[in-house]
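Chemist: Shown below is the structure under consideration.
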Amino acid sequence: MYLADQTWPDLGDYVAEESVAVVPLGSTEQHGPHLPLATDHLIAEGLAREAAARAGFLCTPTVNVGVSPHHKQFHGTMWVDPPEFRDYVESFSRNLTYHGVDRIVYVNAHGGNMQHLREVGRRLREDRAAFAVEWMWDESIPDLVDDLFERNGPHGGPKETAMIMHLAPELVREDRLEEARDGGVPVFEDADPYRYGARNFYDAIDNTENGVLGDQTDATPEKGEQLFEAATEQLVRLLEFVDESRFEDLMAKPHVDPQPGSRR
Ligand SMILES: [Zn+2]
22 MYLADQTWPD LGDYVAEESV AVVPLGSTEQ HGPHLPLATD HLIAEGLARE AAARAGFLCT
82 PTVNVGVSPH HKQFHGTMWV DPPEFRDYVE SFSRNLTYHG VDRIVYVNAH GGNMQHLREV
142 GRRLREDRAA FAVEWMWDES IPDLVDDLFE RNGPHGGPKE TAMIMHLAPE LVREDRLEEA
202 RDGGVPVFED ADPYRYGARN FYDAIDNTEN GVLGDQTDAT PEKGEQLFEA ATEQLVRLLE
262 FVDESRFEDL MAKPHVDPQP GSRR
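For the working numbering, add 21 to where a residue sits in the sequence shown, where the first one is 1.
Now the structure itself:
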């Protein structure tokens, strides 16, 4: 059920019976010459809405702009800084708890958001406000991602290209797939981003001239559909797990005995 399409009376039964919310988050940032800036938020929203519909849970509107300052040199990239992003996500998550939500799954499709979503989840759990967990689509199906593509890439590569071919084919510039591969870095290791144990870069452009990594010509809509189905299945299972778990079991464990100060 997509929250923003409902009227408020329609939501009465849901909030009386259920307490799970699915929140899609992505970015609006460069994804090379062949993919739209919307890539990450299209993927997150596609998976979140499909899994929420299949499992019978509530899906909220998508957070379209994330933590992307490392793509700033490319036209059109939008971002917010990490502290503002964390505060914003924490604030609307607490707003959801006011409506009775106490389990939140952040369906994420942008690497730059990950650590911040985990931090927000930790804060909410610390206060016992909600159990909120970050889920990154490609990390839920690592073996399939490996099997499908010979030369993957962490950004704008074949896995994201295939997903957009499946979700929004009209937005893929198919005539630029070779250009994307040849103008970027087809083999991630060749970018040689680490030196003497340090990560000697801050921005995507430090490693790749056109902003992408991997071999985009390996992407097909069929592979995109396979990725989408497999990731949706994982997400449905996660939603069922957080729904079935007792709230107490999702919260932080108590301090070991003896309790501090108990013999004072
Ligand atoms: Zn992306």
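C-beta: ideal position from N, C-alpha, C; glycine also.
Starting from L46, trace the beta strand (DSSP E) both ways and give me its first and last residue.
Modeler: What you label residue 46 is simply residue 25 of the sequence shown in a count that begins at 1. Taken as a continuous stretch (DSSP letters only), the beta strand (DSSP E) holding L46 covers V41 to L46.
Chemist: For S40 and W29, I'd like the C-alpha separation in whole angstroms.
Modeler: By one-based count along the sequence shown, residue 40 stands at place 19. By one-based count along the sequence shown, residue 29 stands at place 8. For S40 and W29, the distance between alpha carbons rounds to 16 angstroms.
Chemist: Based on the DSSP output, what are the partners of H52 in its beta bridges?
Modeler: Here residue 52 refers to the residue found at position 31 of the sequence shown. Per DSSP, L56.
Chemist: Ignore the nearest five residues each way along the sequence and tell me which others in R220's own chain have a CB closer than 8 angstroms to its CB.
Modeler: Within the sequence shown, residue 220 is the residue found at index 199, counting from 1. These residues qualify, in order along the chain: P214.
Chemist: List in chain order: all unbroken beta strand (DSSP E) runs of 3+ residues lying wholly within the segment 52-107.
Modeler: none
Chemist: For Q237, is the classification buried or exposed, using 16 other Cβ atoms within 10 angstroms of its Cβ as the cut-off for buried?
Modeler: Counting from 1 along the sequence shown, the entry for residue 237 is found at position 216. So Q237 counts as buried.
Chemist: Can you tell me whether I162 is helix, strand or coil according to DSSP?
Modeler: Counting from 1 along the sequence shown, the entry for residue 162 is found at position 141. Three-state result, I162: coil.
Chemist: Would you report the Cα separation of D224 and H96, rounded to the nearest angstrom?
Modeler: Numbered from its first residue, the sequence shown carries residue 224 at position 203. Numbered from its first residue, the sequence shown carries residue 96 at position 75. Cα-Cα distance, rounded: 14 angstroms.
Chemist: Which stretch, first to last residue, makes up the beta strand (DSSP E) that contains E155?
Modeler: Residue 155 sits at position 134 when you count from the first residue of the sequence shown. Taken as a continuous stretch (DSSP letters only), the beta strand (DSSP E) holding E155 covers F152 to M157.
Chemist: Go through its chain and collect everything with a Cβ distance to V208's Cβ below 6 angstroms, but skip five positions before and after it.
Modeler: Taking the sequence shown and counting its residues from 1, one reaches residue 208 at position 187. The answer, listed in chain order, is R172.
Chemist: In the DSSP assignment, the alpha helix (DSSP H) including Y35 goes from what residue to what residue?
Modeler: Here residue 35 refers to the residue found at position 14 when the sequence shown is read from its first residue. Its alpha helix (DSSP H) spans residues G33 to E38.
Chemist: In this structure, what does DSSP give as the bridge partners for A201?
Modeler: Counted from its first residue, the sequence shown places residue 201 at position 180. According to DSSP, which records beta bridges pairwise, A201 is partnered with nothing at all.
Chemist: So is F113 buried or exposed if we call it buried at 16+ other beta carbons inside 10 Å?
Modeler: By one-based count along the sequence shown, residue 113 stands at place 92. Answer is exposed; the Cβ neighbour count stays below 16.
Chemist: Beta strand (DSSP E) containing V263: first to last residue?
Modeler: Translated into positions along the sequence shown, residue 263 becomes position 242. Element bounds for V263: not the beta strand (DSSP E) but the alpha helix (DSSP H), P242 to E265.
Chemist: Which residues bound the beta strand (DSSP E) around I226?
Modeler: Indexing the sequence shown from 1 puts residue 226 at position 205. Segment: none, I226 is in no beta strand (DSSP E) and carries neither H nor E.
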